[in-house]
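Trainee: In the working numbering, the protein residues as written are 2 to 95. Dropping a structure here in structure tokens format, bear with me for questions.
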């Protein structure tokens, strides 16, 4: 099953943009905070596993344990909605 995780900071405009873009594309992402009062050790450990930039947001698309896609802040700053829609068209079952 396709799963999207957004590793985010609290009160982060770009993190909110990542969530909004995924929602507009019809995806309900799992938001996992890695900074702020909602951050958990498990979220931080998974963020460290998936990321090498240490800068949220990070968006990871996976199917079980298999990573299918990964986007960092630099990807999300641009016109990201068309990219997400193209990616979904290629990876979602018909």
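Even for Gly, the Cβ is constructed at its ideal location relative to N, Cα and C. Bear in mind the structure is a predicted one, so any value in this text is a computation, not a measurement.
Would you report the Cα separation of residue 3 and residue 23, rounded to the nearest angstrom?
Mentor: What you label residue 3 is simply residue 2 of the chain shown in a count that begins at 1. What you label residue 23 is simply residue 22 of the chain shown in a count that begins at 1. Approximately 13 angstroms between the Cα atoms of the pair.
Trainee: Out of 50, 26 and 40, which has the shortest C-alpha to C-alpha gap to residue 85?
Mentor: Walking along the chain shown from the start, residue 85 turns up at place 84. Cα-wise, what sits closest to residue 85 is 26.
Trainee: From residue 62 to residue 93, what distance separates their C-alpha atoms?
Mentor: Here residue 62 corresponds to residue number 61 of the chain shown, with the count starting at 1. Here residue 93 corresponds to residue number 92 of the chain shown, with the count starting at 1. Taking the straight line from one Cα to the other gives about 11 angstroms.
Trainee: Using the C-alpha atoms, what's the distance from residue 88 back to residue 78?
Mentor: Residue 78 sits at position 77 when you count from the first residue of the chain shown. Residue 88 sits at position 87 when you count from the first residue of the chain shown. Approximately 17 angstroms between the Cα atoms of the pair.
Trainee: Going by alpha carbons, who is nearest to residue 46 out of 39, 35 and 15?
Mentor: On the chain shown, residue 46 is found 45 positions in, with the first residue counted as 1. Closest by alpha carbon: 35.
Trainee: With DSSP as the reference, label residue 24 as helix, strand or coil.
Mentor: Here the question's residue 24 lines up with position 23 in the chain shown. Residue state, collapsed to three classes: helix.
Trainee: Taking its Cβ as the centre, do 16 or more other Cβ atoms sit within 10 Å of residue 49, making it buried, or is it exposed?
Mentor: Translated into positions along the chain shown, residue 49 becomes position 48. By the neighbour-count rule (16 or more Cβ atoms within 10 Å), residue 49 is not buried but exposed.
Trainee: Less than 8 angstroms between C-beta atoms, sequence neighbours within five positions excluded: which residues of the same chain meet that for residue 7?
Mentor: Residue numbering aside, residue 7 sits at position 6 when the chain shown is read from its first letter. Correct list, in chain order: 16, 19, 20, 23, 30, 31, 32, 33, 58, 59 and 60.
Trainee: What distance in whole Å lies between the Cβ atoms of residue 38 and residue 11, which are believed to be in contact at a cut-off of 8 angstroms?
Mentor: The residue you call residue 11 lines up with position 10 of the chain shown. The residue you call residue 38 lines up with position 37 of the chain shown. The pair is a contact, with the Cβ atoms about 7 angstroms apart (cut-off 8 angstroms).
Trainee: Classify residue 1 as helix, strand or coil using the three-state DSSP reduction.
Mentor: Limits of the chain in this structure are 2 at one end and 95 at the other, which puts residue 1 out of reach.
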